[in-house]
Amino acid sequence: MKLRDGITFHDGTPLNTEAVSVNFLAQFGDPLVGLAVRPYHPADEPITIVDDLNMNFNLLDANCNYPSALTGQLGAIASPTWIAAAQDDPTLDQQPVGTGPFIFESRVQDQSQDLQKMKTIGVAMFT
-17 MKLRDGITFH
-7 DGTPLNTEAV
3 SVNFLAQFGD
13 PLVGLAVRPY
23 HPADEPITIV
33 DDLNMNFNLL
43 DANCNYPSAL
53 TGQLGAIASP
63 TWIAAAQDDP
73 TLDQQPVGTG
83 PFIFESRVQD
93 QSQDLQKMKT
103 IGVAMFT
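Under this note's numbering, the residue at position 71 of the sequence shown is numbered 53, and the numbers go up by one with no gaps.
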């Protein structure tokens, strides 16, 4: 996978392969989410980081459907800075930080979620 250069999360953290790795390995190691991820990858080296913008997802077998899996929840990438903060402060788990065209503002459980439109719209993360 090749990431686009110059993309940042809404908190200013750069989107790079380390950020993707933090997200992927969290999913890979999660007792529940990992059930959907682990069957595709070798346990000892599920990903390989080549450099800041290039990485390999190591698969056990060829799978033409794998890229489409990354367009859903398994491909969601959050700021690793936010992930670390949310581990220390569980209230942050309902205040996500991403790279998309809208910034999270607030949420009332089962009622509403307010987002702010970015003044500038970025480009896709992947090339």
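Note that CB positions come from ideal geometry on N, CA and C, so glycine has one too.
Every value quoted in this text rests on a predicted model; they were computed, and no experiment measured them.
Within the segment 18 to 60, the complete beta strand (DSSP E) segments at least 3 residues long are 29 to 31 and 37 to 39, listed from N- to C-terminus. Where PHE10 is concerned, the enclosing alpha helix (DSSP H) starts and stops at -1 to 11. Taking a C-beta distance under 7 Å as the contact criterion, PRO28 and LEU42 do not qualify as a contact pair. Spanning the alpha carbons of ASP71 and VAL79 requires a straight line of approximately 14 Å.
LYS(-16) is positioned such that its CB atom lies closer than 7 Å to that of ASN36. Only residues of its own chain outside the window of five on either side were considered, and among them ASN5, PRO78, VAL79 and GLY80 have a CB closer than 7 Å to the CB of ALA60, listed in chain order. Look at GLN76 here: in three-state DSSP terms it is helix. One thing to note: SER88 has its Cβ no nearer than 7 Å to the Cβ of ASP75. Annotated three-state conformation of GLN69 is helix, per DSSP. Within the same chain, and ignoring the five residues on either side of ILE85 in sequence, the residues whose Cβ sits closer than 6 Å to its Cβ are HIS(-8) and GLN98. Linking LEU7 to ARG(-14) through their CA atoms gives a straight-line distance of about 21 Å.
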